[in-house]
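Below is one structure, written out as structure tokens; the observations come after it.
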Amino acid sequence: MLTIKDLRVAVNGKEILKGIDLEVNPGEVHAVMGPNGSGKSTLAYVLAGRPGYEVLGGEVIYEGRNLLEMDPEERAWEGIFLAFQYPVEVPGVNNMYFLKAAVNAKRKHQGLPELDAMDFLKLAREKIRLVHMREDLLKRNVNEGFSGGEKKRNEIFQMAMLEPKLGILDETDSGLDIDALKTVAEGVNTLRDGRRSFIVVTHYQRLLDYIVPDHVHVLAHGRIVKSGDRSLALELEEQGYAWVEEAAGA
Amino acid sequence: MSTAVANLDHYVAAFEEAAGRLPGAGMPWLDAFRRQGLAAFERLGFPSTRQEEWKYTSVRAIERERFALATETCAGLVEDDLGEARMEGLEAHRFVFLNGRHAPQLSRPGKLPTGVTALPLAEALGMCPDRVEALVGRRVAVEENGFTALNAAWFTDGLFLEVEPGVELVHPVHVLHVTVGRDEPDAHHLRHLIHLGEGARAVVIEHYIALGEGVYLNNVVDELVLQPHAHLRHYKLVQEGLQGRHIAAIDTHQLGGSHYRSHNVCLGGALTRNEIRADLDAEYAECELFGLYVTDGRQHVDNHTRVDHRKPHGTSHEFYKGVLAGRSRGVFNGVVYVHPGAQKTDAQQANHNLLLSREAEIDTKPQLEIYADDVKCSHGATVGQLDEQQLFYLRSRGIPEATAAGMLTYGFAHDLVEHMGLEPVRRLIEELLVRKLPHAAELQGVG
Ligand SMILES: Nc1ncnc2c1ncn2[C@@H]1O[C@H](COP(=O)(O)OP(=O)(O)O)[C@@H](O)[C@H]1O
Ligand SMILES: [Mg+2]
Chain A
109 MLTIKDLRVA VNGKEILKGI DLEVNPGEVH AVMGPNGSGK STLAYVLAGR
159 PGYEVLGGEV IYEGRNLLEM DPEERAWEGI FLAFQYPVEV PGVNNMYFLK
209 AAVNAKRKHQ GLPELDAMDF LKLAREKIRL VHMREDLLKR NVNEGFSGGE
259 KKRNEIFQMA MLEPKLGILD ETDSGLDIDA LKTVAEGVNT LRDGRRSFIV
309 VTHYQRLLDY IVPDHVHVLA HGRIVKSGDR SLALELEEQG YAWVEEAAGA
Chain B
26 MSTAVANLDH YVAAFEEAAG RLPGAGMPWL DAFRRQGLAA FERLGFPSTR
76 QEEWKYTSVR AIERERFALA TETCAGLVED DLGEARMEGL EAHRFVFLNG
126 RHAPQLSRPG KLPTGVTALP LAEALGMCPD RVEALVGRRV AVEENGFTAL
176 NAAWFTDGLF LEVEPGVELV HPVHVLHVTV GRDEPDAHHL RHLIHLGEGA
226 RAVVIEHYIA LGEGVYLNNV VDELVLQPHA HLRHYKLVQE GLQGRHIAAI
276 DTHQLGGSHY RSHNVCLGGA LTRNEIRADL DAEYAECELF GLYVTDGRQH
326 VDNHTRVDHR KPHGTSHEFY KGVLAGRSRG VFNGVVYVHP GAQKTDAQQA
376 NHNLLLSREA EIDTKPQLEI YADDVKCSHG ATVGQLDEQQ LFYLRSRGIP
426 EATAAGMLTY GFAHDLVEHM GLEPVRRLIE ELLVRKLPHA AELQGVG
């Protein structure tokens, strides 16, 4: 589904990703772990198409296409979804209107009829229960005045609405209490259907107790320094990231 | 310079020719007032960019024209021609003026409550000249500038509204000025006089539209008086035509505990200049000034505001926003002046601008002048572009870039529309806003 080969990326002239290789097959969950500043968010942003990232080398193939040539909106239509580490507040734009526009843009691209207000609301009510989000948040402006937890739930809610093929979760767990964490994980697990894939970026292994990964990768200084199965996450939990830094030769 | 002088002579000659036919002609006080206006205009001419108050706004395009005073009425216009300007669902006392003259066939004054006088000014001059005299020239000095002087000499019509103490005018007064484009450039000099007695309440919608193309000038003076505890909501919506120019001076005299709220929305016109002043002349007076300007092409919008806090416990909240596209230009100049002794003043002022193109420009200057020590004042101004992060967030959800830009722009402007209590006005403005923004087509149903 997704193949990243020797991807090198610079931000503001500074090389951040220094040769990433990653292969994600349908239905797999990959965890990407690593210390702060190792480039996890950069990787997530590059996959989602955030402008301002300079690709110095390598390639990203998504379902047979060169992902890096696609606009962010096109990636979304083709099934990529990024749950932001810091969901953006958008004053003056109503959450419901925003999401309806997003859902319908994707449907249009798929050649499906647009959802009218009634059908949309029905769908939204169904999905919002999945993440135990307060329904009145739909009427507010996008993320404006939401608590940290509400913002993260809103991300997962959007993901449930847009039903991506590849969900990228960037530290969705950070700042969540244990109950919220479980809810978010439940939401993600409900979306696991054997074909949908996830890249779960996290700093702590705690989330992986609830979203069980097939593969775990450790990112340090812009490189994947180690890959393994679930036990690697536990190992990291015990030993901390110091050895990783050494392994990366910092 | 020589054209300008020749054009000054044109106005003087035209005045001599028309003076006898102006509304109220023959009343000594009014004749004298008009003469005073003409003399002031001869002396002042049009403002120049060398004057501080007009530094960023050139009126050369006005100076170059020889505007005639529209004399013919546009017969044949029917209610349907007003279109959406009637504001669907609006129950109002409607007064329509065509090229500066009252058009009775289009007006729907309706039944006014006892204690309310609402009349076209030209009629009021016939029916209650003393009450008109008591208000004319009290707030806006004839000599303030060339435009106020011209208005004094030439004003033909407008709204005269008096509400007696304690009376509430439940339905708004909708003053709709329609300019029908003509081959020759013409100027309309309009004057609105509003007096609310103690504790009286009213809502006034001052609205300008154009039908067809044509070069014209609307030169407006508003003189408003709010007696103690009176309450006025004043909507002003400028949708002048592509070649329309709009110059206005609005001055409100506020007595104790009175409340004035202005919603000033500038969308159309080649040039719009508003001079808006609130004079808080007694304790506990309160004013709220909301403004929104959305410009594109080569439009120019200039809002000059001034709030005078003269007595203690006054409150003023001012909030202006601008969205500028194309090669358009905006000017915001807001003075808050706290006079000595005006303790416990609470004054806030903010002006935020969104530039949608490299060629668009804004000059913003908030000014606080404080001569009292126990006050709470704040002000601020910002100029920015669309937020990259917000744009990316929307696009990452599959919203096309153009739509995302439109949504953000609409969102930026919308909080000024939100404040509007009058639903039909708000709906029309929302609709106009969507239409005016880039990518309007993708924004259906945004409100
Ligand atoms: N816009 C930027 N300009 C310059 N440096 C940046 C920018 N964004 C991120 N970086 C740098 O890139 C590195 C990786 O950041 P990030 O991908 O956010 O790490 P992580 O998500 O793993 O904490 C950090 O050193 C950070 O300072
Ligand atoms: Mg990060």
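These protein sequence lines are chains A and B, in that order. Just so it is clear: in the first sequence, position 6 is 114 by the numbering used here, and no numbers are missing. Just so it is clear: in the second sequence, position 83 is 108 by the numbering used here, and no numbers are missing. In this text, a Cβ means the ideal position worked out from N, Cα and C, and glycines have one as well.
Practice task
Tell me whether the beta-carbon of A:Met109 lies closer than 9 Å to the beta-carbon of A:Thr310.
Solution key: Working through the first sequence from its first residue, we reach residue 109 of chain A at position 1. Working through the first sequence from its first residue, we reach residue 310 of chain A at position 202. The answer is no: Cβ separation not under 9 Å.
Exercise for the section: Please indicate yes or no: does the CB of B:Asn32 lie closer than 8 Å to some heavy atom of ligand 1? Expected result: Within the second sequence, the letter at position 7 stands for residue 32 of chain B. Every heavy atom of ligand 1 is 8 Å or more from the Cβ of B:Asn32, so no.
Practice task
Closer than 9 Å by beta-carbon distance: list the chain A residues that pair up with B:His377, in chain order.
Solution key: By one-based count along the second sequence, residue 377 of chain B stands at place 352. Within chain A, no residue comes near B:His377; the closest Cβ sits about 11 Å away, beyond 9 Å.
Practice task
Please determine if the segment 217-237 of chain B and the segment 56-63 of chain B are in contact, where contact requires at least 3 C-beta pairs separated by less than 8 Å.
Solution key: They do not touch, by the three-pair rule.
Problem - Beta-carbon gap between B:Leu280 and B:Thr320 smaller than 9 Å - result: For the purposes of this step, residue 280 of chain B is taken as residue 255 along the second sequence, with counting starting at 1. For the purposes of this step, residue 320 of chain B is taken as residue 295 along the second sequence, with counting starting at 1. No, the pair does not count as a contact, with Cβ atoms beyond the cut-off.
Exercise for the section: Mind listing the chain B neighbours of A:Lys214? Cutoff is C-beta to C-beta under 7 Å, in chain order. Expected result: In the first sequence, the residue the question calls residue 214 of chain A occupies position 106. Chain B residues near A:Lys214: Gly423.
Handout entry: Chain-ordered list of residues that sit, by beta carbon, closer than 5 Å to a heavy atom of ligand 1
Key = Those residues that bring their Cβ nearer than 5 Å to a heavy atom of ligand 1 are A:Val119, A:Asn120, A:Ile124, A:Asn144, A:Gly145, A:Ser146, A:Gly147, A:Lys148, A:Ser149, A:Thr150.
Exercise for the section: Using 8 Å as the cut-off, classify the Cβ of A:Glu279 as near or not near the heavy atoms of ligand 2, replying yes or no. Expected result: Position 171 of the first sequence, counted from the start, is the residue given in the question as residue 279 of chain A. Indeed, a heavy atom of ligand 2 lies less than 8 Å from the Cβ.
Problem - Beta-carbon contacts of A:Gly291 that lie in its chain and below 8 Å, excluding the five residues immediately before and after - result: Within the first sequence, the letter at position 183 stands for residue 291 of chain A. In the sequence on display, residue 291 of chain A carries Thr and not Gly. Setting aside the 5 residues that flank it on each side, A:Thr291 is surrounded in the same chain by Val239, His240, Arg261, each with a C-beta closer than 8 Å to its C-beta; the list follows chain order.
Exercise for the section: Label B:Tyr260 either buried or exposed according to how many other C-beta atoms from any shown protein chain fall within 10 Å of its C-beta, with 16 as the threshold for buried. Expected result: Along the second sequence, read from residue 1 onward, the residue named residue 260 of chain B stands at position 235. B:Tyr260 should be labelled buried.
Exercise for the section: State the DSSP-derived secondary structure class of B:Ser421, mapped to helix, strand or coil. Expected result: One-based indexing of the second sequence puts residue 421 of chain B at position 396. Reduced to three states, the DSSP call for B:Ser421 is helix.
Problem - Cutoff 6 Å; reference B:Glu265; Cβ partners in own chain excluding five residues on either side - result: Here residue 265 of chain B corresponds to residue number 240 of the second sequence, with the count starting at 1. Here the set comprises Tyr233, Ala235, His271, Gly293, Gly294.
Exercise for the section: Taking only runs that begin and end inside the segment 387-444 of chain B, name each unbroken alpha helix (DSSP H) of 4 or more residues, in chain order. Expected result: 413-421, 426-443
Problem - Neighbourhood of A:Glu294 by C-beta distance below 6 Å, restricted to the same chain and skipping five residues each side - result: Along the first sequence, one-based indexing puts residue 294 of chain A at 186. Closer than 6 Å at Cβ, skipping near neighbours: no residue.
Practice task
Using 8 Å as the cut-off, classify the Cβ of A:Gln193 as near or not near the heavy atoms of ligand 2, replying yes or no.
Solution key: Here residue 193 of chain A refers to the residue found at position 85 when the first sequence is read from its first residue. Yes, Cβ of A:Gln193 sits closer than 8 Å to a heavy atom of ligand 2.
Handout entry: Boundaries (first-last residue) of the beta strand (DSSP E) holding A:Met141
Key = Position 33 of the first sequence, counting from 1, holds the residue named residue 141 of chain A. Secondary structure note for A:Met141: its beta strand (DSSP E) is the uninterrupted segment 137-141.
Handout entry: Backbone secondary structure at A:Pro180 - three-state DSSP
Key = Counting from 1 along the first sequence, the entry for residue 180 of chain A is found at position 72. Note: A:Pro180 maps to helix in three-state DSSP.
Handout entry: Of the residues A:Leu340, A:Glu197, A:Tyr349, A:Val308, the one placed nearest A:Ala139, counting alpha carbons only
Key = Residue mapping note: residue 139 of chain A aligns to position 31 of the first sequence, counting from 1. Among A:Leu340, A:Glu197, A:Tyr349, A:Val308, the Cα nearest to that of A:Ala139 is on A:Val308.
Problem - Proximal residues of chain A, C-beta to C-beta of B:Glu426 below 9 Å - result: Within the second sequence, numbered from 1, the residue matching residue 426 of chain B stands at position 401. Per Cβ cutoff of 9 Å: Asp179, Pro180, Glu181.
Exercise for the section: Indicate whether B:Val198 and B:Arg298 have their beta-carbon atoms separated by less than 9 Å. Expected result: The sequence position of residue 198 of chain B within the second sequence is 173, counting from 1. The sequence position of residue 298 of chain B within the second sequence is 273, counting from 1. Not a contact, by the Cβ cut-off of 9 Å.
Practice task
Return yes when at least one heavy atom of ligand 2 lies under 8 Å from the C-beta of B:Val229, else no.
Solution key: Counted from its first residue, the second sequence places residue 229 of chain B at position 204. No, since every heavy atom of ligand 2 falls outside the 8 Å radius drawn around the Cβ of B:Val229.
Exercise for the section: Could you name the residues of chain B that A:Gly200 contacts, counting a contact when the two beta carbons are closer than 8 Å? Expected result: Reading the first sequence from its first residue, position 92 is the one you call residue 200 of chain A. Per Cβ cutoff of 8 Å: Leu433, Tyr435, Gly436, Phe437, Ala438, His439, Asp440.
Practice task
Under 7 Å between beta-carbons, which chain A residues line up against B:Phe71? List them in chain order, please.
Solution key: Looking up residue 71 of chain B in the second sequence gives position 46. Per Cβ cutoff of 7 Å: no residues; B:Phe71 is ~39 Å from chain A at best.
Handout entry: Whether B:Leu416 touches B:Leu433 by CB criterion (9 Å)
Key = Numbered from its first residue, the second sequence carries residue 416 of chain B at position 391. Numbered from its first residue, the second sequence carries residue 433 of chain B at position 408. Going by C-beta atoms, B:Leu416 is nearer than 9 Å to B:Leu433.
Problem - Assigned secondary structure, B:Gly114 (DSSP; H/G/I helix, E/B strand, else coil) - result: Numbered from 1 along the second sequence, position 89 holds the residue referred to as residue 114 of chain B. Here B:Gly114 sits in coil by DSSP.
Handout entry: A:Val309: CB within 8 Å of a non-hydrogen atom of ligand 2
Key = Along the first sequence, read from residue 1 onward, the residue named residue 309 of chain A stands at position 201. Yes, the Cβ of A:Val309 comes within 8 Å of a heavy atom of ligand 2.
Practice task
Name the residue from B:His217, B:Asn328, B:Pro337 whose alpha carbon lies nearest to the alpha carbon of B:Val200.
Solution key: Position 175 of the second sequence, counted from the first residue, corresponds to residue 200 of chain B. Cα-wise, what sits closest to B:Val200 is B:His217.
Problem - At least 3 beta-carbon pairs within less than 8 Å: the segment 154-173 of chain A vs the segment 410-427 of chain B - result: These segments touch.
Practice task
Please report how far the alpha carbon of A:Val250 lies from the alpha carbon of B:His325, in whole angstroms.
Solution key: Within the first sequence, the letter at position 142 stands for residue 250 of chain A. Within the second sequence, the letter at position 300 stands for residue 325 of chain B. Roughly 33 Å between the two C-alpha positions.
Practice task
Apply the 10 Å Cβ neighbour rule to B:Ile301 and answer buried if 16 or more other Cβ atoms are within range, or exposed otherwise.
Solution key: Position 276 of the second sequence holds residue 301 of chain B. Buried: at least 16 other Cβ atoms inside 10 Å.
Handout entry: Any chain A beta carbon closer than 9 Å to B:Ala429
Key = What you label residue 429 of chain B is simply residue 404 of the second sequence in a count that begins at 1. Answer yes: the Cβ-Cβ gap between B:Ala429 and chain A drops below 9 Å somewhere.
Problem - Burial state of A:Gln218 (16 or more Cβ within 10 Å) - result: Translated into positions along the first sequence, residue 218 of chain A becomes position 110. Classification for A:Gln218: exposed.
Practice task
Please check if any C-beta of chain B sits within less than 9 Å of the C-beta of A:Pro195.
Solution key: In the first sequence, residue 195 of chain A corresponds to position 87, counting from 1. With 9 Å as the cut-off, A:Pro195 counts as an interface residue toward chain B.
Practice task
Determine, using beta carbons only, whether A:Gly283 and A:Gly302 come nearer to each other than 9 Å.
Solution key: Walking along the first sequence from the start, residue 283 of chain A turns up at place 175. Walking along the first sequence from the start, residue 302 of chain A turns up at place 194. For A:Gly283 and A:Gly302, no; Cβs fall outside 9 Å.
Practice task
Closer than 9 Å by beta-carbon distance: list the chain A residues that pair up with B:Tyr318, in chain order.
Solution key: Here residue 318 of chain B is taken as the residue at index 293 of the second sequence, counted from 1. Under the 9 Å cutoff, chain A gives no residues; its nearest Cβ is about 17 Å from B:Tyr318.
Practice task
Pull up the distance between the alpha-carbon of B:Pro72 and that of B:Leu314, whole angstroms please.
Solution key: Numbered from its first residue, the second sequence carries residue 72 of chain B at position 47. Numbered from its first residue, the second sequence carries residue 314 of chain B at position 289. Using only the alpha carbons, I get a separation of about 25 Å.
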